[in-house]
Each structure stands twice: as structure tokens, then as C-alpha cells.
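In what follows, a single structure is set out as C-alpha cells and then discussed.
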Amino acid sequence: MILVDDNFSSIVAAVEEGRCIYANMQAFISFLISSNIGEIFSILLATLAGFPEPLTAMHLLWVNLVTDSFPATALGFNPPSPDVMQEKPRPSDEPIMSQWMFVRYCLTGTYVGIATVGIFVQHYILRGLSIQELRSWGKCSLWGKMSGIMNCEEFFSKSALALPRTLSLTTLVCMEMIKALSAVSVDKSIFVVGPQRNMWLLVGVIVPMLLHLGLIYSDRLGFGFLGDSFGLTPLSANHWIQILKWAAPILVVEEILKAVGQKIRGDGGGHKHKEKIVFQVE
Numbered sequence: 001m002i003l004v005d006d007n008f009s010s011i012v013a014a015v016e017e018g019r020c021i022y023a024n025m026q027a028f029i030s031f032l033i034s035s036n037i038g039e040i041f042s043i044l045l046a047t048l049a050g051f052p053e054p055l056t057a058m059h060l061l062w063v064n065l066v067t068d069s070f071p072a073t074a075l076g077f078n079p080p081s082p083d084v085m086q087e088k089p090r091p092s093d094e095p096i097m098s099q100w101m102f103v104r105y106c107l108t109g110t111y112v113g114i115a116t117v118g119i120f121v122q123h124y125i126l127r128g129l130s131i132q133e134l135r136s137w138g139k140c141s142l143w144g145k146m147s148g149i150m151n152c153e154e155f156f157s158k159s160a161l162a163l164p165r166t167l168s169l170t171t172l173v174c175m176e177m178i179k180a181l182s183a184v185s186v187d188k189s190i191f192v193v194g195p196q197r198n199m200w201l202l203v204g205v206i207v208p209m210l211l212h213l214g215l216i217y218s219d220r221l222g223f224g225f226l227g228d229s230f231g232l233t234p235l236s237a238n239h240w241i242q243i244l245k246w247a248a249p250i251l252v253v254e255e256i257l258k259a260v261g262q263k264i265r266g267d268g269g270g271h272k273h274k275e276k277i278v279f280q281v282e
């Protein structure tokens with residue numbers, strides 16, 4: 001720290017700014033790590049289960065380069081936490097991501113992966129396929145006739161996969177946006193430190209959602225080639241209800257893990273600590 005005057009309030013402001021920058025770096029890194037873990041786990045889960053790919057390479061690029069980049073950047077503009085100056089100093093060698101935070105975001109990413117694959121599988125179950133049949137989708141020509149499926153292309157062609165993949169991608173995007181809104185504070189509830197404190201974050205969530213909606217409904221906007229290039233198709237109101245049922249619980253997961261983190265630290269999440277500062281004048 002470089003002192004430019006002899007005003008003690010300057011030191012206080014500098015410490016507050018430093019703590020805010022550190023917290024925003026944590027929010028930025030944690031958001032991206034948890035997002036990537038969710039994407040990796042969804043692909044891994046689908047591969048191990050033998051399901052068709054719920055997300056294509058184009059979908060992953062869309063999430064990483066477009067829908068995630070806006071809110072991740074906006075998290076860098078989070079304002080200081082209301083009690084940031086009541087937190088006790090952290091050790092100089094403390095990693096920016098603790099072991100608990102890594103475990104926490106692995107758990108969050110696990111739910112993201114399960115939900116992304118879950119809505120994909122649900123689509124086929126609602127159409128009458130069993131999980132076992134979906135796992136052996138590559139052999140549809142063998143078991144299809146026994147199940148009354150005369151044309152496997154009806155379920156597993158590129159055009160048939162467009163709807164379940166759109167459901168998976170949109171569920172993933174919605175969960176990422178909810179996680180971003182919850183990331184204004186790394187360890188405090190969204191109901192204590194809400195996203196309205198960072199207007200840039202609200203913009204960073206609204207813009208990618210509008211872009212995603214434009215991609216899904218591009219054919220109705222006269223740019224149908226965009227949706228076709230990504231293998232996406234328009235969604236109905238019932239589809240959006242399904243998406244919200246899978247995406248909304250991520251907020252509950254985040255809130256529970258924040259509460260657990262506060263219990264682990266044993267301080268109620270505030271790190272509150274009063275220090276006595278003594279000045280010696282010579």
C-alpha cells in the first residue's frame with residue numbers, strides 16, 4: 001500500500017477496495033470453474049450412461065463464449081459487501097479458492113450436469129422410451145420393432161435430437177444465469193446480498209438470455225439458418241415449465257452450500273472481527 005496523504009480514511013478506503021477486488025476475483029473464478037465443471041460432468045455422465053450427446057461442440061462454444069462471458073465479466077463490478085470491513089484479515093498465503101470452495105463448486109457442477117442430462121432423458125421417457133432403450137440407442141434397429149418403433153430416425157436423427165438438445169442447452173444456460181445472480185456474494189445468501197446491487201450483472205444476465213432466445217426462435221425472426229446451424233428448435237410453454245423445474249433448484253443448492261460453508265467456518269458467514277488499532281507517535 002502506498003500512502004498519498006496522512007488521512008486515515010484513505011487507508012480504510014484502500015483496504016476496502018482491496019478486499020472488494022479480491023472478492024470479485026473469487027466470484028469471477030468460482031463462477032467459471034463451477035460452470036465448466038457442470039458442462040464436463042454432463043458430457044461425462046451422458047457418455048458413461050451410453051446416452052446420445054445432450055450437447056454438441058457448438059453448444060459448448062455458445063455457452064463458454066457468449067452466455068457465460070457476459071455475467072462473468074459483470075461479476076468484476078460487484079460492490080463491496082456491507083460488512084467487508086468487519087471481516088478479519090486473511091493470511092497472505094491463503095489460496096483464492098479454498099478446499100471447501102472447490103468441493104462446493106464440484107457439488108454445484110454435479111447438479112448442473114445431472115439436470116442437463118436429466119431433462120434430455122425425461123424427453124425420451126415422456127415419449128415412451130425406457131432408460132435401458134435410450135442407453136442402447138445405437139442398436140435401435142434391433143430392439144425398435146419389439147418396442148413398436150418402426151423408424152428409429154423418428155427418435156435419434158439429427159432433426160429428432162434438436163428438441164431434447166435444445167431443452168438441455170437452455171436448461172444449462174438458465175442455471176448459469178441463476179448461479180451468476182447468486183454470485184454477487186461468494187458466501188452470503190442472495191436474499192441478503194441481492195443481484196440488484198450490481199446493475200452491470202443484471203445487464204450481463206439479460207443480454208445473453210435475449211441472445212439465446214433469439215437463437216432458439218431465430219426462424220420466427222427471419223434468421224432460421226442460425227437455429228439450424230446450432231441444431232436448435234423453438235420451445236413451447238410446456239417446455240419452458242420443464243426447464244424451470246430442472247433449473248430453479250440450482251438456487252436451493254447454492255443457498256444450502258453457502259449455509260454449510262458458513263457453519264464450517266463457524267462464524268455465520270460474516271468473518272466479523274474487531275481489532276484494536278494502536279498508533280505510536282514519535
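For the sequence shown, our numbering assigns the number 1 to the initial residue and increments by one for each residue that follows. Even glycine gets a Cβ: it sits at the ideal position worked out from N, Cα and C. If you're wondering where the values come from, they're calculated on a predicted model, not measured in any experiment.
Between the alpha carbons of aspartate 219 and leucine 55 lies a gap of roughly 21 Å.
Sixteen is the threshold: since fewer than 16 other Cβ atoms of the shown chains lie within 10 Å of the Cβ of proline 91, the residue is exposed. Taking C-alpha positions only, serine 168 is separated from glutamine 132 by approximately 20 Å.
Isoleucine 37 and lysine 139 have their C-alpha atoms spaced approximately 30 Å apart. Assigned with DSSP and collapsed to three states, isoleucine 96 falls in coil, not helix or strand. The beta carbon of cysteine 174 sits closer than 7 Å to those of Ile243 and Ala247, all from its chain and outside the five residues before and after it, given in chain order. A Cβ-Cβ separation of about 6 Å places isoleucine 264 in contact with tryptophan 100 under the 8 Å criterion.
Each residue's CA atom was taken as its position, placing isoleucine 178 and phenylalanine 155 some 31 Å apart. Residue range 162-182 is occupied by the alpha helix (DSSP H) that includes proline 164. Glutamine 242: member of the alpha helix (DSSP H) spanning 237-247, first to last residue. Shown here for threonine 166: same chain residues with a beta carbon closer than 7 Å to its own, the five before and five after excluded, namely Ile216, Leu232, Thr233 and Leu235 in chain order.
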